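Participant:
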Amino acid sequence: MSDFLVIVESPAKAKTIERYLGNKYKVKASMGHVRDLPRSQMGVNVENSFEPKYITIRGKGPVLKELKTAAKKAKKIYLAADPDREGEAIAWHLAHSLDVDITSDCRVVFNEITKDAIKESFKHPRPINMDLVDAQQARRILDRLVGYNISPLLWKKVKKGLSAGRVQSVAVRLIIDREKEIQAFIPEEYWTIEGDFLKGKDHFSGMFHSLAEKEKTELKSEQDVENILKQMDGNKFKVVSVTKKERKRYPAPAFITSSLQQEAARKLNFRAKKTMMLAQQLYEGIELGAQGTVGLITYMRTDSTRISEVAQVEAADYIRSEYGENYLKEEQRKEKKQSNAQDAHEAIRPTSTLRDPNSLKEFLSRDQFRLYKLIWERFLASQMAQAVMDTMSVDLQNGAVIFRATGSKVKFPGFMKLYVEGTDDQVEERDKMLPDLKEGDEVFKKDIDPKQHFTQPPPRYTEARLVKTLEELGIGRPSTYAPTLDTIQKRGYVALDNKRFIPTELGEIVLELILEFFPDILDVEFTAKMEQGLDNIEDGKVRWVEIIDGFYQDFETHLEKAEKEMQSVEIKDEPAGEDCEQCGNPMVFKMGRYGKFMACSNFPDCRNTKPIVKEIGVTCPKCKEGQIIERKSKKKRLFYGCDKFPGCDFISWDKPLPRSCPKCEGLLVEKKLKKGVQVQCTECDYKEEQQS
């Protein structure tokens with residue numbers, strides 16, 4: 001018989017914690033929630049102050065029975081679910097099921113699963129925080145009221161299996177609004193003039209900036225370019241100004257949930273769902289040989305960049321020994337706290353800086369290692385000195401025409417020696433050196449290269465961009481982003497094309513209906529205010545019933561109107577333009593989980609399906625007979641192959657173009673680079689200007 005029973009959420013966590021606490025403690029796992037609202041009904045009594053009806057979750061009976069048996073044998077029970085609203089609610093439900101007094105010191109929380117953190121947390125147990133429980137309960141009830149009222153309407157009026165939710169509906173709206181912006185976008189022409197200059201034997205480049213004594217001059221047409229070129233006389237340019245500056249660059253703060261998802265998408269190509277799954281594994285503990293199971297990172301659902309003093313000191317000691325005193329942060333800068341941040345616990349960081357990634361590589365899977373390395377490097381860099389850049393700007397004049405050349409070099413790398421934050425749109429900084437120039441020097445023009453450009457529409461949302469936008473708008477919270485992105489794809493409202501979200505016809509239809517009858521659900525400002533109201537419950541500023549009641553009064557009116565006035569929408573299958581080879585009936589396009597496919601219109605009598613073949617208008621360069629079509633690998637990666645396969649085995653990861661190389665008549669392809677695409681020849685060194 002154990003003196004103490006500790007209940008956590010997962011078996012992996014239970015195993016680690018039991019080893020730290022010793023023989024007097026028995027640690028069991030609840031496997032998440034044991035009680036919830038019923039799936040088969042609303043489960044919320046609207047007439048009685050929105051009282052929820054909780055039942056034991058199907059399949060959790062044996063788990064609960066085991067916990068009750070263990071509870072009867074223990075002198076004291078500790079509830080140690082995760083340190084957030086969801087974890088507090090799990091502890092509250094367990095307390096109810098096991099007859100634990102919620103006002104007693106039964107709740108234990110820890111931000112990291114390490115021996116010291118676990119032992120320290122058991123010295124400071126506390127009662128269950130009902131403000132946290134109410135905040136979670138309010139969110140759950142609010143989502144149930146929205147989902148279980150609007151979803152049946154969509155099933156009845158559109159098709160079965162659809163759903164609506166506060167955060168997911170706003171996410172779909174953002175994607176559709178962006179698509180409308182792209183479709184409505186009208187490109188505008190503009191030109192640049194690049195100059196190649198010589199100072200002695202040194203080459204450097206500059207761009208046309210302006211005419212003398214004028215602000216930066218825009219070039220909107222070829223005529224504008226010709227007017228500038230006519231004003232230039234000869235090859236000599238005079239250096240008329242030299243500006244040298246020192247610029248400091250500061251490290252990014254340690255990760256919060258949203259920034260981890262964004263950076264893992266940029267640098268590791270991880271989906272948000274995968275990032276959170278791996279982070280959970282690193283948090284709960286990894287078997288490290290003789291050391292046993294060790295939690296490697298702090299809790300991964302957080303919106304705070306705060307770092308504990310102990311972690312700062314350990315990081316400083318490591319930086320001092322590995323990089324030197326001058327790489328230490330001069331003073332601890334106060335990280336900017338977001339207005340909606342709860343600051344409940346620390347940023348995501350390694351539980352010990354001394355566990356560098358390479359020392360753990362043999363114990364981690366490839367993806368675990370890559371994510372841990374990202375977290376470790378980001379945290380350590382956040383504790384390092386700023387980088388110092390020497391920048392130089394030079395104006396070169398010929399007649400009234402001024403070109404400007406800029407250069408920079410790293411004077412002191414600071415944190416950049418270890419880690420540089422990724423971006424969605426900009427190329428990472430590299431040294432671009434200029435010769436030693438001073439006012440009055442003469443340089444010589446070697447070449448002038450005018451180029452035509454067109455403005456680009458706003459980019460479609462990647463997962464990283466969408467998470468960042470939702471966070472900036474105050475929509476959703478750390479724990480909601482990954483499941484939200486997963487849900488809108490499973491429902492068929494959006495699809496991923498080249499890692500960017502595009503709306504489907506179904507998504508547009510559902511959005512239009514919700515926008516007509518439930519405008520508040522899709523109003524970004526309203527949804528953000530609702531999130532703030534839920535946060536106020538957690539802070540004890542308002543009762544949860546007041547927030548729900550304030551929302552439901554208007555919602556009920558909209559619901560009644562929708563029940564009477566919403567028209568049924570028939571989504572007709574689009575003809576595919578060919579007949580089924582098995583039964584002769586017409587084939588149609590259908591939308592599945594992984595996008596559109598072709599199926600027989602005689603379903604279910606005929607179940608013939610096949611993928612959509614998309615020709616790109618290029619004849620196969622190998623067999624000269626087949627057509628190049630888009631294909632997808634087993635890992636859903638797009639590639640291009642001959643439609644005569646297996647007779648012709650031509651494949652290309654780069655998209656072939658329907659024109660030949662002007663230099664050698666070889667095959668031209670679009671080569672995807674980190675920040676854009678470039679047309680290249682597969683046979684010679686011909687390249688065209690990179691496009692963003």
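Residue numbers (the UniProt record's numbering): 1 to 692.
Backbone N, C-alpha and C fix where the C-beta goes; we use that ideal spot for every residue, glycine too.
Keep in mind the model is a prediction, meaning the values are calculated, not measured.
#1: Does Asn358 pass the burial test, meaning 16 or more other C-beta atoms within 10 Å, or should it be called exposed?
#2: The beta strand (DSSP E) that contains Trp191, what's its start and end?
#3: Does the stretch 511-519 come close enough to the stretch 187-207 that 3 or more CB-CB pairs lie under 8 Å?
#4: My assumption, with CB atoms under 8 Å, is that Arg306 sits in contact with Ala347. Please give the rounded CB distance.
#5: When DSSP labels each residue in this structure, what does Asn585 get in the three-state scheme?
#6: Count the other C-beta atoms from every protein chain shown that fall within 10 angstroms of the C-beta of Glu325, then say buried if there are 16 or more, exposed otherwise.
#7: Please decide whether Ile297 counts as near chain B, where near means a Cβ-Cβ distance under 8 Å.
#8: Going by DSSP, name the residue or residues bridged to Ser241.
#9: With 16 other CB atoms within 10 Å as the buried threshold, where does Glu179 fall?
#10: Ala495: which of Thr114, Glu112, Ile175, Arg19 sits nearest, CA to CA?
#11: If I'm right that Ser382 touches Pro483 with Cβ under 8 Å, what's the distance once you round it to whole angstroms?
#12: Using only CA atoms, which one of Thr351, Phe237, Ser221 lies nearest to Leu282?
#13: Can you look up Arg333 in the DSSP assignment and give me helix, strand or coil?
#14: Spatial neighbours of Ile537 within its chain, please: CB distance less than 7 Å, with the 5 preceding and 5 following residues excluded, ordered by chain position.
#15: I need the DSSP call for Ser339, collapsed to helix, strand or coil.
#16: Tell me, which residues are paired with Ala135 by DSSP?
#17: As an exercise, report each continuous beta strand (DSSP E) stretch of at least 3 residues that is fully enclosed by the stretch 459-547, in chain order.
#18: Can you look up Ser276 in the DSSP assignment and give me helix, strand or coil?
#19: With distances taken from CA atoms, which of Ser633, Lys632, Thr619, Gly647 is nearest residue 693?
#20: So Leu673 is in the beta strand (DSSP E); what residue range does that whole segment cover?
#21: Which residues mark the beginning and the end of the beta strand (DSSP E) in which Glu442 is found?
#22: What's the gap between the Cα of Lys334 and the Cα of Ser304?
#23: Take Asn608 and list the residues in its own chain whose beta-carbon comes closer than 6 Å to its own, dropping the five residues that flank it on each side.
#24: Along the chain, where does the alpha helix (DSSP H) containing Tyr318 start, and where does it finish?
#25: Can you tell me which of the three DSSP states Asn129 falls into?
#26: Using the rule of at least 16 other Cβ atoms within 10 Å of the residue's Cβ for burial, across every protein chain shown, is Glu471 buried or exposed?
#27: Can you check DSSP and say which residues form a bridge with Pro631?
#28: Do His209 and Lys199 have their C-beta atoms within less than 8 Å of each other?
#29: Please specify which runs of the alpha helix (DSSP H), each continuous and at least 4 residues long, are wholly inside the stretch 350-385, giving them in chain order.
#30: Spatial neighbours of Lys245 within its chain, please: CB distance less than 6 Å, with the 5 preceding and 5 following residues excluded, ordered by chain position.
#31: Hey, could you find the ends of the beta strand (DSSP E) Pro611 is sitting in?
#32: Tell me the rounded alpha-carbon separation between Thr103 and Ala562.
#33: What does the Cβ neighbour count give for Trp376, buried or exposed, with the cut at 16 atoms within 10 Å?
#34: Helix, strand or coil, according to DSSP, for Glu86 in the structure here?
#35: Measuring alpha carbon to alpha carbon, tell me which residue in Glu689, Leu94, Gly32 is nearest Pro450.
#36: First and last residue of the beta strand (DSSP E) that includes Gly407?
Facilitator: According to the structure shown:
#1: exposed
#2: 189-199
#3: no
#4: 6 Å
#5: coil
#6: That one is exposed.
#7: The structure shown contains no chain B; it holds only a single protein chain.
#8: Asp395
#9: Its Cβ being crowded by 16 or more others within 10 Å, Glu179 is buried.
#10: Cα-wise, what sits closest to Ala495 is Ile175.
#11: About 28 Å separates the two Cβ atoms, so there is no contact after all.
#12: Selected option, being the one with the closest Cα: Thr351.
#13: Because the pLDDT of Arg333 is 46, which lies under 50, any placement of that residue in the model is unreliable, and the question is left without a value.
#14: Asp131, Asp134, Ala135, Ala138, Trp544, Ile547
#15: Its pLDDT being 46, under 50, Ser339 is placed unreliably by the model, and nothing is read from it.
#16: Answer is none; Ala135 lacks a bridge partner.
#17: List check, beta strand (DSSP E) in window: 494-497, 500-503.
#18: As written in the sequence, residue 276 is Met, which differs from the Ser given in the question. Correct three-state label for Met276: helix.
#19: Here the chain covers residues 1 to 692 and nothing more, so residue 693 does not appear.
#20: 667-673
#21: 442-454
#22: Interpretation of Lys334 is limited by its pLDDT of 45, a score under 50 that renders its predicted location unreliable; no figure is taken from the coordinates.
#23: Cys580, Gln582, Cys600
#24: 309-322
#25: Of the three classes helix, strand and coil, the one that applies to Asn129 here is coil, per DSSP.
#26: Under this definition Glu471 is a buried residue.
#27: The question names Pro, but residue 631 in the sequence shown is Arg. For Arg631, which the question treats as bridged, DSSP gives the partners Phe639.
#28: no
#29: 357-360, 366-382
#30: Taken in chain order, the residues that qualify are Thr391.
#31: Where Pro611 is concerned, there is no enclosing beta strand (DSSP E), given that its DSSP letter is neither H nor E.
#32: 44 Å
#33: buried
#34: helix
#35: Relative to the Cα of Pro450, the nearest Cα in the group Glu689, Leu94, Gly32 belongs to Glu689.
#36: Run containing Gly407: 401-412, per the beta strand (DSSP E) assignment.
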